[in-house]
Amino acid sequence: MASYDVIILGGGPAGYVCAIRCAQLGLSTAVVEREGLGGTCVLWGCIPAKALLESASLANKVRHAGDFGVAVEGVKFDYAVAMKRSRAVSTQNSKGVEFLFKKNKIAWIRGEGRVTSPKQLEVKLADGKTEKHDAKKAIVIATGSRVKGLPQIGLSLDKKAVISSDEALILEKAPKTIAIVGAGAVGCEFADVFNAFGSEVTLIEALPNILPLEDADSSKEVERAFKKRKIEVLAGAKISNVKVGADAVSMTVEAGGSKKDLTVEKVLVAAGRAPVIEGAGIKEIGVQLTERGFIKIDDHFQTNVKGVYAIGDVAGRQMLAHKGEREGHVLAEQLAGQHAHPVNYGNIPNCTYCHPEVASIGLTEQQCKEQKLDYKVGRFPFSANGRARTSGETEGFVKIIRDAKYGEILGAHIVGAHATEMIHELAVARENEFTVEEVELTVHAHPTLSEAVAEAVMDSLGRMVHA
Numbered sequence: 001m002a003s004y005d006v007i008i009l010g011g012g013p014a015g016y017v018c019a020i021r022c023a024q025l026g027l028s029t030a031v032v033e034r035e036g037l038g039g040t041c042v043l044w045g046c047i048p049a050k051a052l053l054e055s056a057s058l059a060n061k062v063r064h065a066g067d068f069g070v071a072v073e074g075v076k077f078d079y080a081v082a083m084k085r086s087r088a089v090s091t092q093n094s095k096g097v098e099f100l101f102k103k104n105k106i107a108w109i110r111g112e113g114r115v116t117s118p119k120q121l122e123v124k125l126a127d128g129k130t131e132k133h134d135a136k137k138a139i140v141i142a143t144g145s146r147v148k149g150l151p152q153i154g155l156s157l158d159k160k161a162v163i164s165s166d167e168a169l170i171l172e173k174a175p176k177t178i179a180i181v182g183a184g185a186v187g188c189e190f191a192d193v194f195n196a197f198g199s200e201v202t203l204i205e206a207l208p209n210i211l212p213l214e215d216a217d218s219s220k221e222v223e224r225a226f227k228k229r230k231i232e233v234l235a236g237a238k239i240s241n242v243k244v245g246a247d248a249v250s251m252t253v254e255a256g257g258s259k260k261d262l263t264v265e266k267v268l269v270a271a272g273r274a275p276v277i278e279g280a281g282i283k284e285i286g287v288q289l290t291e292r293g294f295i296k297i298d299d300h301f302q303t304n305v306k307g308v309y310a311i312g313d314v315a316g317r318q319m320l321a322h323k324g325e326r327e328g329h330v331l332a333e334q335l336a337g338q339h340a341h342p343v344n345y346g347n348i349p350n351c352t353y354c355h356p357e358v359a360s361i362g363l364t365e366q367q368c369k370e371q372k373l374d375y376k377v378g379r380f381p382f383s384a385n386g387r388a389r390t391s392g393e394t395e396g397f398v399k400i401i402r403d404a405k406y407g408e409i410l411g412a413h414i415v416g417a418h419a420t421e422m423i424h425e426l427a428v429a430r431e432n433e434f435t436v437e438e439v440e441l442t443v444h445a446h447p448t449l450s451e452a453v454a455e456a457v458m459d460s461l462g463r464m465v466h467a
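And the structure:
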């Protein structure tokens, strides 16, 4: 048995960032993690998926290399090689977190953890032995989330014909045909990847638009781009008559007033995630859950059980790595007795890394309407941006929603190349309560994609120049 100030259950973005910051602030810290450090994000999510998307991006650029005066012959697209590269990148990132643990003298307890009391954790090690460890100050639950199937319509994850993003990341080859059920960020990203590697892709979404959390204009722009690439998009869809065989899955999809019988080699279910609660001992010690099954916390991440905290996906709100990281950072400072600025959940960027990329901050236009806000919209297309023309990446736009009276940036939406990098100018602006006039006063270098932000801001003020 060992004793620590803080023990964290889970080594994902929320858990490992919390651990590093706790250690930096002088708290003795341990993390219980059964798999490699980095959690779902590093091992089975953000990092390997983005590595595959880079391969997909390169594949698509090669197809159009002739337009840039670069003759390419005999090109082959090999999903297995791309997959192996993505796994190597993932491993490298995980080793990087392991190095940071050693640097900050954080104990990594390798095994399956279970909370047995508000001050104690029991860990089952890989060799079957059991250890108990005390937490003097806090136990932090950061167990994350898991993929889930859709058994209610016959799409249980058999990991062969019906797969999740986990299995998609280790396929040896791209399937000839694939249906992706769920067109949020994960679904759209894998639609992009498999399309680039030659799969015939059908993207199915129950809600009226793909990327349903995004502004409707952003969703429509991505749908338009996908259809140009021969990705079949079925939104507002209902699935029935599912039959799962050894080598194929058949189903009936009703969308747009018509029915279609679809048979594919594989189905990728990308319809959401569920918090990891089972086996962690959380319920047994009386920790309360929300109606949706997440751990219920207050504004300081405290559960109803004193000394037990929760952060990251398992605590609800946005299920995003960067949100979890910020929670881990803030909680660590609170545990060390420092003043910590609260997490601003209204200013967490949403990013989707398909091509074109999608990024947003703040309210959608529909949300502004629902809240009966008085607003103005500014918009600038990348087709009118010089830097976008030079790179041949002219799909998409920047859209700014501002308060009509005071110029506050209510929401910002970007679709296009490098949108996920560009959004941070507007995230900083909103965090510091800059008005559109203050963003417009900032000189944006020419030629850059970021000039589109300035132009959209000026459009919201009625004085756009370049379109």
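Just so we're aligned, residue 1 is where the sequence shown starts under the UniProt record's numbering, counting upward by one. Idealized CB from N, CA, C, for every residue including glycine.
Looking at the secondary structure, which residues open and close the beta strand (DSSP E) in which residue i lies?
i	result
C351	N350 to T352
D403	F397 to D403
H466	It is not in any beta strand (DSSP E) - H466 carries neither H nor E in the DSSP assignment.
V31	T29 to V32
T177	T177 to V181
S383	Taken as a continuous stretch (DSSP letters only), S383 belongs to no beta strand (DSSP E), as it is neither H nor E.
S117	G111 to S117
H133	T130 to I141
V147	S145 to V147
V308	V308 to A310
Grab me the residues of residue i's own chain with a C-beta within less than 8 angstroms of its C-beta, minus the 5 sequence neighbours each way, in chain order.
i	result
P118	I139, I285, V305, K306, G307 and V308
R292	G316
R85	A51 and S55
Tell me which residue opens and which closes the alpha helix (DSSP H) that residue i is part of.
i	result
G386	G386 to S391
Y16	P13 to Q24
V330	A321 to L335
V6	Run containing V6: none in the alpha helix (DSSP H); it sits in the beta strand (DSSP E), A2 to L9.
E370	E365 to E370
G39	G39 to W44
When we look at the beta-carbon of residue i and count the other beta-carbons within 10 Å, is it buried (16 or more) or exposed?
i	result
G149	buried
S258	exposed
T290	exposed
E278	exposed
residue 499	No statement about residue 499 is possible, as the shown extent of the chain runs from 1 to 467 and does not include it.
T390	exposed
T29	buried
R114	buried
P356	buried
M1	exposed
Near residue i, which residues of its chain fall below 7 angstroms by C-beta distance, leaving aside the five closest residues on each side in sequence?
i	result
G36	L43 and S94
L100	I20
T116	E122 and G281
E431	N344 and N347
A452	F380, F382, N385 and V398
V89	I47, P48 and A51
Q366	A216
G144	G10, G12, G39, T40, V276, G312, D313 and V314
T448	R387
Y406	T435
K427	For the sequence presented, residue 427 should be read as Ala rather than Lys. Once the five neighbours on either side are set aside, the close Cβ partners of A427 are N347, P349 and I361.
Y353	K50, L53, E189 and T420
G128	none
Does DSSP put residue i in a helix, a strand or coil?
i	result
P212	coil
S55	helix
A191	helix
I153	helix
E300	For clarity, residue 300 is His in the given sequence; the question names Glu instead. Coil, per DSSP.
Q120	strand
S360	strand
S165	helix
Y406	coil
V186	helix
A340	coil
A174	coil
V305	coil
Looking only at its own chain, which residues have a Cβ that is under 6 angstroms from the Cβ of residue i, when we skip the five neighbours before and after it?
i	result
S383	T394
E167	K159
S460	K376, G378, I400, R402 and V436
K238	E254
M464	E455 and M458
A321	P13, C41 and C46
Y79	K173, A174 and F197
A59	F77 and A196
*What runs of the alpha helix (DSSP H), each 4 residues or longer, lie entirely inside the stretch 203-287?*
Correct list: 216-228.
*Curious, which full-length alpha helix (DSSP H) runs of at least 4 residues does the stretch 408-466 contain?*
Here the runs fully enclosed are 419-431, 436-441 and 451-460.
*asked:* If we require 4 or more residues per run, which alpha helix (DSSP H) segments fall completely within the stretch 46-109?
replied: Runs of alpha helix (DSSP H) with 4 or more residues, each lying fully within the stretch 46-109, are found at 46-63 and 79-103, listed in chain order.
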